[in-house]
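Let me begin by presenting the structure, written as C-alpha cells, before commenting on it.
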Amino acid sequence: MSATRLIWYVAGSLGLLLIVTGIGGVFTYVFRKLFADFGQRLGPNRVGPYGVLQLVADGIKLFTKEDIVPARAERRGFLLAPYLTFIPAVLAFSPIPFGRGLLLIDVRVGLILIFAITALAPLGELMAGWASNNKYSMIGGLRAAAMDVSYEIPLLISALAVILLAGSTSTAQIVEKQAHLWYFLPQILGLFVFLVTIIGKVGVLPFDLPEAESELVTGYTTEYSGMRFAFFYLTVFANVFFIAAITVMLYFGGWLGPFGLNLPGPLSFIWFFAKAGLLVFVVFWIWNSLPRVRIDQFLNINWKLLFPLSLVNLVLTALLVLTGVIH
Amino acid sequence: MSILTDLQERSPAGVLQVGALDDGKPLMRVAPQALPQIAGAAKELGFAHLACITGVDYPDEHEIEVIYNLYNYDQRENLVLKARTSRDEARLPSVSGVWRAALFLERETYDLLGVRFEGHPDLKRILLPEPWVGHPLRKDYEMNRQQFVSKGPQGEDVVSFDPQEGW
Amino acid sequence: MAAYQPYTLEAHPEQSDWITLNMGPQHPSTHGVLRLILQLDGEMVRQVEPVIGYLHRSMEKMAENVRYPHFIIECDRADYMANYHYEAAYVRAVEEVAGIAPTPRAQFIRTICLEFDRIQSHLVWLGTYGLDLGALNAFWYGFREREKILDLLQELTGVRMHPNYFRFGGIKADLTPDFERKALALCDLVERKADEYEDFLSRSDTFVMRTQGVGPMPREMAIDWGVTGPNARASGLDFDLRRDEPYFAYGELDFEVPVRTEGDCYARYVVRMEEVRQSVRLIRQALDQLPQGPIIPAGLEKGYQFLVHPTGEHYAHVEEPRGEIGIYLVGDGSTFPYRVKMRSPCFQNLSVLPELMRDCLIADCVAINGSLDLVMGCVDR
Numbered sequence: 001m002s003a004t005r006l007i008w009y010v011a012g013s014l015g016l017l018l019i020v021t022g023i024g025g026v027f028t029y030v031f032r033k034l035f036a037d038f039g040q041r042l043g044p045n046r047v048g049p050y051g052v053l054q055l056v057a058d059g060i061k062l063f064t065k066e067d068i069v070p071a072r073a074e075r076r077g078f079l080l081a082p083y084l085t086f087i088p089a090v091l092a093f094s095p096i097p098f099g100r101g102l103l104l105i106d107v108r109v110g111l112i113l114i115f116a117i118t119a120l121a122p123l124g125e126l127m128a129g130w131a132s133n134n135k136y137s138m139i140g141g142l143r144a145a146a147m148d149v150s151y152e153i154p155l156l157i158s159a160l161a162v163i164l165l166a167g168s169t170s171t172a173q174i175v176e177k178q179a180h181l182w183y184f185l186p187q188i189l190g191l192f193v194f195l196v197t198i199i200g201k202v203g204v205l206p207f208d209l210p211e212a213e214s215e216l217v218t219g220y221t222t223e224y225s226g227m228r229f230a231f232f233y234l235t236v237f238a239n240v241f242f243i244a245a246i247t248v249m250l251y252f253g254g255w256l257g258p259f260g261l262n263l264p265g266p267l268s269f270i271w272f273f274a275k276a277g278l279l280v281f282v283v284f285w286i287w288n289s290l291p292r293v294r295i296d297q298f299l300n301i302n303w304k305l306l307f308p309l310s311l312v313n314l315v316l317t318a319l320l321v322l323t324g325v326i327h
Numbered sequence: 001m002s003i004l005t006d007l008q009e010r011s012p013a014g015v016l017q018v019g020a021l022d023d024g025k026p027l028m029r030v031a032p033q034a035l036p037q038i039a040g041a042a043k044e045l046g047f048a049h050l051a052c053i054t055g056v057d058y059p060d061e062h063e064i065e066v067i068y069n070l071y072n073y074d075q076r077e078n079l080v081l082k083a084r085t086s087r088d089e090a091r092l093p094s095v096s097g098v099w100r101a102a103l104f105l106e107r108e109t110y111d112l113l114g115v116r117f118e119g120h121p122d123l124k125r126i127l128l129p130e131p132w133v134g135h136p137l138r139k140d141y142e143m144n145r146q147q148f149v150s151k152g153p154q155g156e157d158v159v160s161f162d163p164q165e166g167w
Numbered sequence: 001m002a003a004y005q006p007y008t009l010e011a012h013p014e015q016s017d018w019i020t021l022n023m024g025p026q027h028p029s030t031h032g033v034l035r036l037i038l039q040l041d042g043e044m045v046r047q048v049e050p051v052i053g054y055l056h057r058s059m060e061k062m063a064e065n066v067r068y069p070h071f072i073i074e075c076d077r078a079d080y081m082a083n084y085h086y087e088a089a090y091v092r093a094v095e096e097v098a099g100i101a102p103t104p105r106a107q108f109i110r111t112i113c114l115e116f117d118r119i120q121s122h123l124v125w126l127g128t129y130g131l132d133l134g135a136l137n138a139f140w141y142g143f144r145e146r147e148k149i150l151d152l153l154q155e156l157t158g159v160r161m162h163p164n165y166f167r168f169g170g171i172k173a174d175l176t177p178d179f180e181r182k183a184l185a186l187c188d189l190v191e192r193k194a195d196e197y198e199d200f201l202s203r204s205d206t207f208v209m210r211t212q213g214v215g216p217m218p219r220e221m222a223i224d225w226g227v228t229g230p231n232a233r234a235s236g237l238d239f240d241l242r243r244d245e246p247y248f249a250y251g252e253l254d255f256e257v258p259v260r261t262e263g264d265c266y267a268r269y270v271v272r273m274e275e276v277r278q279s280v281r282l283i284r285q286a287l288d289q290l291p292q293g294p295i296i297p298a299g300l301e302k303g304y305q306f307l308v309h310p311t312g313e314h315y316a317h318v319e320e321p322r323g324e325i326g327i328y329l330v331g332d333g334s335t336f337p338y339r340v341k342m343r344s345p346c347f348q349n350l351s352v353l354p355e356l357m358r359d360c361l362i363a364d365c366v367a368i369n370g371s372l373d374l375v376m377g378c379v380d381r
C-alpha cells in the first residue's frame, strides 16, 4: 500500500469518526428542538443563544459522570458492549459516498459491506443486555436481537432490487447510475419497505422496543451511565444519520443534484447533506408522532406485510430490467 | 323491607336483628357463622356490588364489628350487613367466594384490625409490610412508639422498634 | 363460583424456566409506587402479584385523632389527582350524619369544582397513557389544558392541589368576580382540544392496535371485583352515581353517561374522552343555573365548623374520575370521629389487575395498567 493510500485511510477514518460523532452530537440538540416544536413547546433555550450550547452542556455532563459498573455484571462484556455497537455504526459509513469521490472505501461490493457491518450491531446490544445482569436489560437485548435479525430480510431484498436496477453492488456506481433517473421513482414500493425496515432495524420509535422507555426503563442501556451511556446515545443518532445517508444513496441520487444540477467536484457533498437532512427531519417526525408497536405486532408487520411487499418489488424490478424499460 | 324478610326466610337462625340504619338503608345484623349463607342469598337477590367492608373496633364492648355495604345495580337498592366478633379472637368467615371484591377488602381489615377471615385464600397483610407487629386501627395500638421499616441482609423488609423503647 | 386460587411457586412446578421480574416500586409507568411481581415466560406474563402499601399514610387512623374539620385537609391528600372528590365524599358524609343542609349556591359551586376536577384528572390520565404507549406528544397536550384548569381553580381556592375548599354545609369562599367568564372560555377551549386529542390518538393506527382487544374485562367480572367508574362503564355497566344516586346539584343537571361494551383499553379511553365532553356540558349548565345566596348556612362559618359533632353511621359515596369513593363515617358525638373508612376506587380497580394481565405481553402490562388509571395515593391512603 502506498504512503498516500495509507494517509488517506488514516486521515479519512479520523475524519469520518469526527464527522459522524459531530453529527451525532448536533443531532442531540436538533432532536430536542424539533421535538419541542412538534409539541408546541420551546425546547432548550437557556444555554447559549437558542440553546445551541446544550449539546456542549450534555457532553460535559456525560463526561464527568461517575462510571458505575454493577458489581455482579459480567465485566468484560459490559465494558466491551458500547464499543461493539458504536464502531459498526460509524464503520458502516465508510463505503457511503458523501460527494464525488468522497468515500473512504471504494470497493466493488460496497453495499454488501455496509450490510455486513450493520449486521454486527445486534451483537453489541445483546452483549449489553446480557452482561448487565439485569432482567430488564436482558429482555431489551433479546428484543433487539429478534428485531434486528427479522428486519434484515425485507431490508436486503429491497436493496437487492436497487442492485438489480444499478447492475452493480458498488456504492459509487449506484450513485452514478442514478444520473438520469433517481431510483425512488421506479422503486416507490421498495422505498417504503426499505424505510420502514431500516427504522425498525435501528430501533427508533415507533419501533424502539429494545429500549422502550416506559416498559423496560431504558432497555439494554439501563445499567450504563456516564461516557458509556454516551456511546449508546451517540449510536442512536449516528444510526439516524445512517438511515438518511443510505436511503439518499440508494434512492435519491446520493450527491447528485436534481435535474442534472450537480455541484462541481468536492462541493457535491452539499446536495448529499441537504437531502440527508430532509430525511432526518422525516425520521424525527415519525419518531415523534407514532406510539410504539408491540413485539408481536412488529413481527406480524414484518412477515405478513413487508416481506411479501419486498418480494413483489423485487419481481417487478426484475421485470422492468429484463424488458429494458430501465437500463 | 322485603329484602330483609326474604333474607330472613332463607336463614332464620343466622339473623340476629333487622332494622334500618340512621339514613334509612336496610340493616341486618347477622351471626358470624351464617354470614356466607346470607351473603350468597343476598347476591342471588341481586346485590352484586360489595361496596365496602368496614371494621370498627369497640374496646368497651370487647367486640369488633364488621360492616358490609351492598348495592343492587338493577333495583338501585342498598343493604347493610353487620357481624360482630370478639376482640381477642377476631374471626369471621370470608365472603370472598361470593364477591371477589372482598379479597382485597378483607385483607385490609385483617391488616389494620386483626380480624381473621376464614376461607380467604390469601390472607396476608396488604398495606403494611409483612413483618409488622400489631394492628394499627385498634384503639389500644401504641402510637407513641416509633416503628420503622428497613432492609435486612437479603433485602427483605425488617420492622424494628425504636432502640430506646426496645422490642 | 370457583374458589380463587392465588399463585404460589410450589403449586406450579412446571414453570421452572419462568423468570420473576419486578416491575418495581420505581418504574416509569407504574404511575406511583406500585410493585408488580411478574412471572414471565419469555415475553408472556403468566402471573401478576401486586404489592402495595408504599404510600400508606394511615389516614384512617389519623382521622380518629384529628377533629372533624381538620380531616378535610387530610382527606384530599388521599387521591391527589382528584382532591375535590375526596373532600366532597367526607363533607357529604358528615353533613348527612349531622343533618346539615348545604346551601343551594354552594351545591352548584361544588358541582362546578368537581367537574373541573374530573376534566383535569382525565387529562393527566390521557397524557400519561399516551406517554406510556410511546405517543410522546400526548403528555404535553394533556398537561397544557390542565394548566389552565389549575390556574382557574387556583383563583377560586388559592392552591392548585389539596384545596381544602369544602366545608360542612358549603364552601370556603365564593366565586371570584371574573370566574364565570373565564370558566366558560375554558369550557370552549377544552371542548375544542378534546376533539384534537381524540384525533391525535384515535386516528393513530398504532394506538388503536395497542389498545383494542387488550385487557378485556367482562361486565360480570367488573361488578364482581368491585370495579366502578369509567372502567366498569367501558365494560357495559350502565351506572353512574351522579345520575343514579344524585348528590349536590347533579339531580338538576342534564347529561349523558357514556357506556361501552367491549371492556378493553380502547373502550376505557373512549369512555374517558366522552366524559370530558359531558363534564364541559355539566359546567355550562351549572354556571347557567347558578342560584344566588349564601355559600354557607348561618351559624357554620369558620370556627363554628368545629361544633359539628355528628352521632350515627352513614356511608356516603361520590363518583370520582376513577370510580366510587365511599366514606363510612361512624360518629359518637365527640369532637373526634370514631371511625372513618375510606372506600377507595383504585384499591378495587387494582384488585382486578392480575385477572386482566393473565397471558398478556409485557407491553400489554403497561397498556392495561395505564388504562385502569390508578393513583397510588388513593390505593394506599
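Residue numbers (our numbering), protein chains in the order written: chain A, 1 to 327; chain B, 1 to 167; chain C, 1 to 381. Note that CB positions come from ideal geometry on N, CA and C, so glycine has one too. Just so you know, these numbers come straight off a predicted model, no measurement behind them.
- In the DSSP assignment, Tyr71 of chain B falls within the beta strand (DSSP E) that extends over 63-72.
- Contact between the stretch 339-346 of chain C and the stretch 318-326 of chain C is present, with at least three C-beta pairs closer than 8 angstroms.
- At least one CB of chain C lies nearer than 9 angstroms to the CB of Asp23 of chain B.
- Secondary-structure assignment with DSSP links Phe166 of chain C through a beta bridge to C:Ile171.
- Contact of Glu313 of chain C with chain B by beta-carbon distance below 7 angstroms involves Leu21, Asp22.
- Across the set B:Pro93, B:Thr54, B:Gln154, B:Val159, the C-alpha of B:Val159 shows the shortest separation from the C-alpha of Gln147 of chain B.
- DSSP places Lys302 of chain C in the helix class (H, G or I) of the three-state scheme.
- Close to chain A, meaning a Cβ-Cβ distance shorter than 9 angstroms, are the following residues of the stretch 39-61 of chain C: Leu40, Gly42, Glu43.
- A Cβ of chain B is located within less than 9 angstroms of the beta carbon of Asp380 of chain C.
- The residue from C:Asp195, C:Met81, C:Gly170 with its alpha-carbon nearest to that of Ile149 of chain C is C:Met81.
- Closer than 9 angstroms to the CB of Gly55 of chain B there is at least one CB belonging to chain C.
- Per the C-alpha coordinates, the member of A:Lys304, A:Trp287, A:Val315, A:Leu309 positioned closest to Phe31 of chain A is A:Trp287.
- A residue is called buried once 16 or more other Cβ atoms fall within 10 Å of its Cβ, and Asp364 of chain C is buried on that count.
- Considering only C:Leu38, C:Gly42, C:Arg242, the residue with the shortest C-alpha distance to Ala89 of chain C is C:Arg242.
- Judged by pairs of C-beta atoms under 8 angstroms, the stretch 150-166 of chain A touches the stretch 178-187 of chain A, as three or more such pairs exist.
- Setting aside the 5 residues that flank it on each side, Leu102 of chain A is surrounded in the same chain by Trp255, Pro266, Ser268, Phe269, each with a C-beta closer than 8 angstroms to its C-beta; the list follows chain order.
- Within chain C, the residues whose beta carbon sits less than 8 angstroms from that of Asn288 of chain A are Leu136, Asn137, listed in sequence order.
- Between His85 of chain C and Val318 of chain C, the beta carbon gap of about 6 angstroms places them in contact (Cβ cut-off 8 angstroms).
- In the three-state DSSP reduction, Asp58 of chain A falls in the helix class (H, G or I).
- Under the Cβ distance rule, Glu324 of chain C counts among the residues neighbouring chain B, one pair being separated by less than 9 angstroms.
- For Met227 of chain A, the enclosing alpha helix (DSSP H) covers residues 226-251.
- Residue burial is scored here from C-beta neighbours: Arg100 of chain B has at least 16 other C-beta atoms within 10 angstroms and is therefore classed as buried.
- DSSP, reduced to helix, strand and coil, places Arg46 of chain C within a strand of the structure shown.
- For Ser58 of chain C, there is no enclosing beta strand (DSSP E), as DSSP marks it with neither H nor E.
- The way I'd put it, the stretch 220-239 of chain A does touch the stretch 195-212 of chain A; three or more beta-carbon pairs between them come closer than 8 angstroms.
- Taking 9 angstroms as the Cβ-Cβ cut-off, the stretch 138-151 of chain C approaches chain A at Ala138, Phe139, Trp140, Tyr141, Arg144, given in chain order.
- Using a C-beta cut-off of 8 angstroms, the stretch 7-23 of chain B makes no contact with the stretch 49-58 of chain B, since fewer than three inter-stretch Cβ pairs fall below that distance.
- Under the DSSP definition of a beta bridge, Glu77 of chain B partners with B:Asn72.
- Along the stretch 195-206 of chain A, going in chain order, the ones with a CB nearer than 8 angstroms to a CB of chain C are Leu205, Pro206.
- If you look at Thr228 of chain C, you'll find it isn't in any beta strand (DSSP E); DSSP assigns it neither H nor E.
- Contact check for Gln292 of chain C against Leu253 of chain C fails: the beta carbons are separated by 9 angstroms or more.
- With a threshold of 9 angstroms between beta carbons, Ile368 of chain C makes no contact with chain A.
- Excluding the 5 residues flanking it on each side, Asp373 of chain C has same chain C-beta neighbours closer than 6 angstroms at Trp125, Arg322, in chain order.
- With respect to the 9 angstroms criterion, Tyr224 of chain A and Gly141 of chain A are not classified as neighbours on the basis of their beta carbons.
- Boundaries of the alpha helix (DSSP H) around Lys135 of chain A: 135-166.
- A Cβ-Cβ contact shorter than 9 angstroms links Phe272 of chain A with Gly99 of chain A.
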